[in-house]
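Protein chains: 2
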Amino acid sequence: MSNKVSIKDIAKIANVSIATVSNVINGTGRVSADTKNKVNKVIQELQFVPSASARSLKDKNSHLIAVVVPFVEKGILQDNPFYWELVRGVENGARNHEVQVILLGIDEHEDFSFVRGRHLDGLIVVGVYEQSPAYRKILSLGVPCVFLDSYLSDPALYQVDLDDEAGGYLGTKHLIGLGHRAIAVLTGRLEQGGVNYFRYQGYLRALRESGIPENPDLVLEIDSSIQGGYQAAQRLGHHKDGITGVFAFSDVSAMGLIRGMHDIGMRVPEDVSVVGFDDIFYTQYMIPSLTTIRQDIVSKGQAAVTMLLDQINGTATTSRRVTVPVSLIVRQSTNSFRKI
Amino acid sequence: MSNKVSIKDIAKIANVSIATVSNVINGTGRVSADTKNKVNKVIQELQFVPSASARSLKDKNSHLIAVVVPFVEKGILQDNPFYWELVRGVENGARNHEVQVILLGIDEHEDFSFVRGRHLDGLIVVGVYEQSPAYRKILSLGVPCVFLDSYLSDPALYQVDLDDEAGGYLGTKHLIGLGHRAIAVLTGRLEQGGVNYFRYQGYLRALRESGIPENPDLVLEIDSSIQGGYQAAQRLGHHKDGITGVFAFSDVSAMGLIRGMHDIGMRVPEDVSVVGFDDIFYTQYMIPSLTTIRQDIVSKGQAAVTMLLDQINGTATTSRRVTVPVSLIVRQSTNSFRKI
DNA sequence: CTGAAAGCGCTTACAG
DNA sequence: CTGAAAGCGCTTACAG
Chain A
1 MSNKVSIKDI
11 AKIANVSIAT
21 VSNVINGTGR
31 VSADTKNKVN
41 KVIQELQFVP
51 SASARSLKDK
61 NSHLIAVVVP
71 FVEKGILQDN
81 PFYWELVRGV
91 ENGARNHEVQ
101 VILLGIDEHE
111 DFSFVRGRHL
121 DGLIVVGVYE
131 QSPAYRKILS
141 LGVPCVFLDS
151 YLSDPALYQV
161 DLDDEAGGYL
171 GTKHLIGLGH
181 RAIAVLTGRL
191 EQGGVNYFRY
201 QGYLRALRES
211 GIPENPDLVL
221 EIDSSIQGGY
231 QAAQRLGHHK
241 DGITGVFAFS
251 DVSAMGLIRG
261 MHDIGMRVPE
271 DVSVVGFDDI
281 FYTQYMIPSL
291 TTIRQDIVSK
301 GQAAVTMLLD
311 QINGTATTSR
321 RVTVPVSLIV
331 RQSTNSFRKI
Chain B
1 MSNKVSIKDI
11 AKIANVSIAT
21 VSNVINGTGR
31 VSADTKNKVN
41 KVIQELQFVP
51 SASARSLKDK
61 NSHLIAVVVP
71 FVEKGILQDN
81 PFYWELVRGV
91 ENGARNHEVQ
101 VILLGIDEHE
111 DFSFVRGRHL
121 DGLIVVGVYE
131 QSPAYRKILS
141 LGVPCVFLDS
151 YLSDPALYQV
161 DLDDEAGGYL
171 GTKHLIGLGH
181 RAIAVLTGRL
191 EQGGVNYFRY
201 QGYLRALRES
211 GIPENPDLVL
221 EIDSSIQGGY
231 QAAQRLGHHK
241 DGITGVFAFS
251 DVSAMGLIRG
261 MHDIGMRVPE
271 DVSVVGFDDI
281 FYTQYMIPSL
291 TTIRQDIVSK
301 GQAAVTMLLD
311 QINGTATTSR
321 RVTVPVSLIV
331 RQSTNSFRKI
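If you want it as C-alpha cells, here you go:
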C-alpha cells in the first residue's frame, strides 16, 4: 500500500486538478490560500511523497550526485580512512541541499553509462589524473563535475585541491629545521601534475632553499598504503645514505613505516624522524603521535558539494578553483637530528 | 547533446517500433536476429542508455538501494573506519548486480520520505536498536531491509549479525588464560539486545566459567571512539582494583586506550594487556600490534547485499538470519599476567 | 485562481 | 516476429 498514492489521488480527494496539486507542492503558479490548505491537508493525511522518477523524467535532473572514488583492488575502494572522511563531507554537504549521494567505486573498466541513465545532476570525482582512463570518459559525459585532488590543467574545470606544494614544503622544512639533511620521501604514484607530484615539488623547493642537493635514491615510489609504508622501512633501514628523516606523503604509509622501523630496531623519533600527510583521525593517538600535514578533509568534501550545486544551479559565482590550505602539526614523531 | 537520444530515436533510425527496441534492450519478446543486430548497431552508434527514471516509473523498482548509517554528530557519520569497510563491502556487492548505492547518514530527525519518493528497492541498515527512533520509521516504510549489527528480536526481519557473544567470550577467555583476573571492559552503549550487550554476555560467561566474580566497577560504558578509549585510560589507571587486562569492544577505543595508558606511564602489554574488537586494517601495525577479535567486515557487507537482492527478487531461499563468525587474533598487546 | 491536455521515456499487454 | 496504444506520475505552458 505504501507507494500507491499519487498526485491524482490527492487531486481527486481534494477536489482539484492535478495541476493545482502540483502547484501547491512546488509553490509554483497562483493558488488561493484555501485551496492550498485543503491540498496540503490531504497530502499530510495520505503521507504523499512525489515520485522522484516521474519528476526527473520531466525535469531532466535527478537531485542525485555521485562521488567517484578510484579503485585499488577490483571493485574495492581504498583502504584508507581518508576516503571515508571525504565521503562523509560530501554526504553531509549534500543532505543540506536535498540531494542524495551515490557512492561509486570505479575500476578502469567503468563506463559511467549509468551517469546518463540516471540523469545524475553531477559528479564529484576524487583523484583522477589527466592520464587516467577515467578522465576522458568523465569529461565526455558532459555532466557538471567537481574534481577533488586531481590537478587538471584545463582551467575550465571546477576543482578543489589542496595546497600540496606548500604541504611538501612545510614538512620538509620542518625536518631541515631540526637538523636533518638526508631526508627520504615515501610517495605514491609520482605522476606529472598529480597530488604527489606537487608534494614532491614542495620537498624539492625546501631542499633547494637550504642548499641540500637532491638525491633520487631518497625518493621511494611506493604503494600509498599501510603495507607500502611497512615495506619501505626495510629499504630505508639498510640504506647507504644514513637517512635520519622520512616524509611520507600519506598518514597510512607513515603508520606502516613507523611500525616497520620498529620491527627492524630503529626508533622513531630517536633514530629517524617521520612526517606524515593528511592528519587522519588517529594520528595523534599513535605511539609516537605523528607529526603531519593537516588538511580539513570533511570541509573539503563540503566545499566540493557547494561548488557542484552552484554549478548545477547556474549560481556559480565562485571561482572554478579552490585551493584548501594546509598546516604543519608537530607531534612526537619528529625530533632534532642527533639529539640525545 | 548527451542525453537527448531516446528509444524513439533508435526506433526511427533502425526503422522499427519502439516496442521492438525495448524488446531488444531487455531481451524480452521474440525478435529476429536481423532486427536485433540492426537495433543494437544503432544503439551502439548513438551510445544510447535507457533512462532509469522512465524505467522505474513503469517498473516501480529503481535498482537503487541505500546504506543507512547512524549519525554521531549532527549529520556526520561515525569517525570509525569500520563503517568505511562496511560500506565498501556493500558497494562492492552491489556493483556486481547493477544496483547503485546511496549513502545515507541519518540523525534522529530523518523521516526517510525519500525512500518512497525514490522508489528505493531496499535498505541496508546499520546498527539500529529496537528502541531507536529510526527503527519503527524504517519498518513502516514497507521496503525490503537487511539489518546489520542490529540484533532485532523480530524473527521476520532479515539480519546479518556477528557472533558477538562468542567474540566477547573469546577475548575474555584469552585474557583469563594468560592469568588475568581483574579484567575491565570498555563498551559502547550497553543496550539490551545490542551489539555491546552480547559481547558483554560473552565476557560474563567466560568469567563465570573460570569462577571469577563479576565486578560492575570494571565495566566502563564509554563513547565507542578513539577519544572515549583515551579518556578511559585515566579512569582505569587509578582504579582501585588493580586491573591487569582490558577488553575494549572496538579497535578504535582500544587504540585510544593504549595511547592513554602510555601517557600515564602504564605499559602495554607489560603492565596491562589489551584486547580490541573488529580487526580494523591498522591493528597489526600499531605499536604494540593489537590482539583483537576479527570479523570480516567487507564480506559482511557483501552478504547483506546478496540477502537484500534475494529478498527483492523473491529468490530469498536463504534464511533470514546470518551470523558471521569471529576469531581471536593474538598479537602483541596481550601478555601473561606478571610475566617478567 | 484553476483545469484540460500534452509529453517526458519507457514497458507491457494486445493485435496482427 | 512486429507494431500501435495505453499508462506509469509528474510538470508545464496555455486557456479561461
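Chains as they are written, first to last, in UniProt numbering: chain A, 1 to 340; chain B, 1 to 340. We put the beta carbon where it would ideally sit given N, CA and C, even for glycine.
Which partner residues does residue i have in the DSSP bridge list?
i	result
T292 (chain B)	B:G276, B:I329
I106 (chain A)	A:P70
D59 (chain B)	BP columns for D59 (chain B) are empty, so no partner.
L220 (chain A)	A:L186
T315 (chain B)	Looking at the DSSP assignment, T315 (chain B) forms no beta bridge with any residue, so it has no partner.
L120 (chain B)	None, per the DSSP bridge assignment.
L64 (chain B)	B:Q100
L139 (chain B)	Note: L139 (chain B) sits in no beta bridge, so no partner.
F147 (chain A)	A:V125, A:Q159
Cβ of residue i less than 8 Å from any chain B Cβ?
i	result
D79 (chain A)	yes
E91 (chain A)	yes
L46 (chain A)	no
residue 341 (chain A)	Any property of residue 341 (chain A) remains undetermined from this structure, which presents chain A solely from 1 to 340.
V49 (chain A)	yes
A304 (chain A)	no
A54 (chain A)	yes
V87 (chain A)	yes
H262 (chain A)	yes
L190 (chain A)	no
F281 (chain A)	yes
V101 (chain A)	yes
I124 (chain A)	no
Y285 (chain A)	yes
Y200 (chain A)	no
I226 (chain A)	yes
Go ahead and pull the three-state DSSP assignment for residue i.
i	result
Q131 (chain B)	coil
T334 (chain B)	coil
I287 (chain B)	coil
R321 (chain A)	strand
V90 (chain A)	helix
F112 (chain B)	coil
L236 (chain A)	helix
F281 (chain A)	coil
residue 352 (chain A)	No statement about residue 352 (chain A) is possible, as the shown extent of chain A runs from 1 to 340 and does not include it.
D79 (chain B)	coil
When the cut-off is 8 Å and only beta carbons count, does residue i lie next to chain A?
i	result
T20 (chain B)	no
M255 (chain B)	yes
R118 (chain B)	yes
Y230 (chain B)	yes
G105 (chain B)	yes
I297 (chain B)	no
S62 (chain B)	yes
I114 (chain B)	Sequence check: residue 114 (chain B) is Phe here, not Ile. Yes, contact with chain A.
Among residues of its own chain, excluding the 5 on either side of residue i, which ones have a beta-carbon nearer than 7 Å to its beta-carbon?
i	result
L46 (chain A)	V5, D9, I10
S336 (chain B)	L178, G179
V90 (chain B)	V67, V101, I124, G301, A304, V305
A206 (chain B)	Y169, T172, K173, I176
F112 (chain B)	K137, I138, L141
P325 (chain B)	D163
L328 (chain B)	L170, G171, H174, I293
N23 (chain B)	G29, V31
M255 (chain A)	I226, G229, M286
Within a Cβ cutoff of 6 Å, which residues of the same chain sit near residue i, ignoring the five residues on either side of it in sequence?
i	result
G245 (chain B)	L175, H180, I183, S273
V219 (chain B)	V185
R320 (chain B)	Y158
A94 (chain A)	V101, V305
S56 (chain B)	S62, H119
I297 (chain B)	E85, L86
Beta-carbon within less than 8 Å of residue i's beta-carbon, same chain only, minus the 5 sequence neighbours each way: which residues are those?
i	result
H97 (chain B)	V305, L309
| In chain order, which beta strand (DSSP E) runs of at least 3 residues are fully inside the segment 241-272 of chain B? | 245-248
**Segments of 4+ residues assigned as alpha helix (DSSP H) that fall wholly inside the UniProt domain "HTH lacI-type" (5-59) of chain A** = 7-14, 18-26, 33-46, 52-59
- Item | 4 or more residues per run - each alpha helix (DSSP H) lying fully within the segment 152-200 of chain B | 164-177
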